[in-house]
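S.K.:
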Amino acid sequence: MKQICKRVFTLSALALAVSAAPQVSAATWSDTYIGYRFGTEFTEPSNDKDITKHILQFTHASGYAYGQNFLNVDLLQSDENDPASGDVRGEGDGATEAYLTYRHQLHLGKVFDQDFSFGPVKEVALSAGFDLNTKNTTFGPRKQLLLVGPTLKFAVPKGFLDFSVFYAHERNRNGFKPAGERDITFNDYTVYNLAWGLPFNAGPVPMKFQGFINYNTPKGLGTDDEILARPSLMVDVGDLAFGKSNTLWAGVGYEYWRNKFGNQGVDGIDTDAPTFQLEWHF
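Under mature numbering (1 follows the signal peptide of the UniProt record, and there is no 0), read the sequence shown as residues -26 to -1, 1 to 256, first letter to last.
1) For the alpha helix (DSSP H) that residue 213 lies in, which residues bound it at each end?
2) Considering only the beta carbon of each residue, do residue 18 and residue 53 sit closer than 8 Å?
3) For residue 59, does the count of other Cβ atoms within 10 angstroms reach 16, so buried, or fall short, so exposed?
4) Which value, in whole angstroms, describes the spacing of the CA atoms of residue -18 and residue 32?
5) Could you spell out the range, first to last residue, of the alpha helix (DSSP H) harbouring residue 86?
6) Using CA atoms only, rank isn't needed, just tell me which of 153, 164 and 3 is closest to residue 113.
7) Looking only at its own chain, which residues have a Cβ that is under 6 Å from the Cβ of residue 48, when we skip the five neighbours before and after it?
8) From the DSSP output, which residues share a beta bridge with residue 124?
9) What separation, rounded to the nearest whole angstrom, lies between the Cα atoms of residue -16 and residue 177?
10) Here's the rule I'm using: 16 or more other beta-carbon atoms within 10 Å means buried, otherwise exposed. How should residue 77 be labelled?
11) In terms of residue numbering, what span does the beta strand (DSSP E) encompassing residue 186 cover?
12) Can you give me the Cβ contacts of residue 50 inside the same chain, cut-off strictly under 6 Å, excluding the 5 residues immediately before and after it?
13) Helix, strand or coil for residue 250? Go by DSSP, reduced to three states.
14) Can you give me the Cβ contacts of residue 252 inside the same chain, cut-off strictly under 6 Å, excluding the 5 residues immediately before and after it?
15) Classify residue 13 as helix, strand or coil using the three-state DSSP reduction.
16) Considering only the beta carbon of each residue, do residue 172 and residue 132 sit closer than 8 Å?
17) Buried or exposed: residue 104, going by 16 or more other Cβ atoms within 10 Å of its Cβ?
18) Between the beta-carbon of residue 40 and the beta-carbon of residue 85, is there less than 8 Å?
19) When DSSP builds the beta bridges, which residues end up paired with residue 57?
20) Decide if residue -8 is buried, meaning its Cβ has at least 16 other Cβ atoms within 10 Å, or exposed.
Given below as structure tokens:
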């Protein structure tokens, strides 16, 4: 656990350094929060059991004169149904995983001082980023994913709605293979991503509907196409209880995953997991 946390903090520092590099002016807006998700029906490939997970989350989003940044770090703790390496009977501690996501958008209209809007699209961006993960299971994944591609930013009354098409290059690790053959490079593939954050009011109750959907094309080595969606509906509890908006949110979410990691034909590749969620913004 200590090694995983150390690696996450190192990767987080790297991501923040990268995000700061393209900024030639101060941030025009920012939103940072610590979140918590909990669910009892998660799954893992080649595992026929439902898995309980506690997920601690750190998220930062900010904008500057020419674009915006997004950074998310998840620390996921499984129960004994997803055992850590060496616990073949599932009688000890569950596995711990760290997953880091970073995205940067360069808004072309702002860079070139031109109007790129058309129809419902208000701006076109060039997006790039990476995903990194590590997990202390026998499989021992170490995902390294690079992405780049265009993003269409849609005009909505409040919040955001983005659609991106990414060219993806991924490497990973398979601990079941012999030493020297464990590092795997997949065929390059395409990721279609829809991300949104839409605040609204249900009568006097401030709420938001947020989340993302990824559709990944097959990446060779026997993989299939993959779908991952994580929508959530949140209530601004801080505003209702303390009169402080966008501080404390609570709500429910859902993880819908098909052909997890591109796997096919094994147990545990399809997830339908309701989640309870909290966010503390500061």
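The beta carbon of each residue, even a glycine, is placed where N, CA and C say it ideally should be.
M.R.: Working from what's here:
1) 211 to 216
2) no
3) exposed
4) Since pLDDT at residue -18 reaches only 48, below the 50 mark, its modelled position is unreliable, and no value is offered.
5) 82 to 86
6) 153
7) 29, 31 and 73
8) 100
9) Low confidence applies here, because residue -16 scores a pLDDT of 48, under 50, leaving its location unreliable; read the following figure in that light. Each residue's alpha carbon lies about 42 Å from the other.
10) buried
11) 179 to 190
12) 27, 29 and 71
13) strand
14) 10 and 224
15) strand
16) yes
17) buried
18) yes
19) 68
20) Residue placement at residue -8 is flagged as unreliable, the pLDDT there being 47, under the threshold of 50; the coordinate-derived value follows with that caveat. It counts as buried.
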